[in-house]
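The UniProt record's numbering puts the first residue of the sequence shown at 1, with every later residue one more than the last.
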Amino acid sequence: MFTGTYDAYKLGQEMLDGDDSDSKVVVVLSDGQTSNCKGDIEIGYDPSIDKKEFEIAKKWRENGIKIIFVRVGDDQYAENIKEIVGNDNTSILSVHDYSKLDKSVITGVAKKICSEEHF
Numbered sequence: 001m002f003t004g005t006y007d008a009y010k011l012g013q014e015m016l017d018g019d020d021s022d023s024k025v026v027v028v029l030s031d032g033q034t035s036n037c038k039g040d041i042e043i044g045y046d047p048s049i050d051k052k053e054f055e056i057a058k059k060w061r062e063n064g065i066k067i068i069f070v071r072v073g074d075d076q077y078a079e080n081i082k083e084i085v086g087n088d089n090t091s092i093l094s095v096h097d098y099s100k101l102d103k104s105v106i107t108g109v110a111k112k113i114c115s116e117e118h119f
């Protein structure tokens, strides 16, 4: 099964392009796997799209948009996550699995958004 994460990054880019806020933050909630499909599973997986996610995230960082990544699961895709956040480990929160997403995660994200290190 493939997740349309590239579509999510593209949509995020479209939303950010139309936003004139002084400070922008993107919160990514994922295991870090860059898996995409070109449509139905029968059409197949397109590995070239994976790099485009990294390119969008790099553009965000270059434009001063802060990325906070909530990693769900183990660190199997740690390299992908580091690529997304630009090797800024302070921008990564981790939970063991989706059942652990609770108020403490929201509090952690809010603290990272409001901290000096992000603005």
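Built from N, CA and C at the ideal position, the CB exists for glycine as well.
No experiment lies behind these values; they were computed from the predicted model shown.
Would you call A110 buried or exposed, if buried means 16 or more other Cβ atoms sit within 10 Å of its Cβ?
That one is exposed.
Exposed or buried, S30, counting other C-beta atoms within 10 Å across all chains shown (16 or more means buried)?
Result: buried.
Tell me the start and end of each unbroken alpha helix (DSSP H) in the UniProt domain "VWFA" (1–109) that is at least 4 residues and wholly inside, in chain order.
Whole alpha helix (DSSP H) segments, 4+ residues: 5–17, 48–62 and 78–85.
Excluding five sequence neighbours on each side, which residues of the same chain lie with their C-beta closer than 7 angstroms to the C-beta of S94?
Counting only Cβ-Cβ distances below 7 angstroms, and skipping sequence neighbours, we find R71.
Near G108, which residues of its chain fall below 7 angstroms by C-beta distance, leaving aside the five closest residues on each side in sequence?
Excluding residues within five positions, the ones whose Cβ falls inside 7 angstroms are L93.
Taking the alpha-carbon positions, what's the A78 to Q33 distance?
Rounded to the nearest angstrom, the two C-alpha atoms are 9 angstroms apart.
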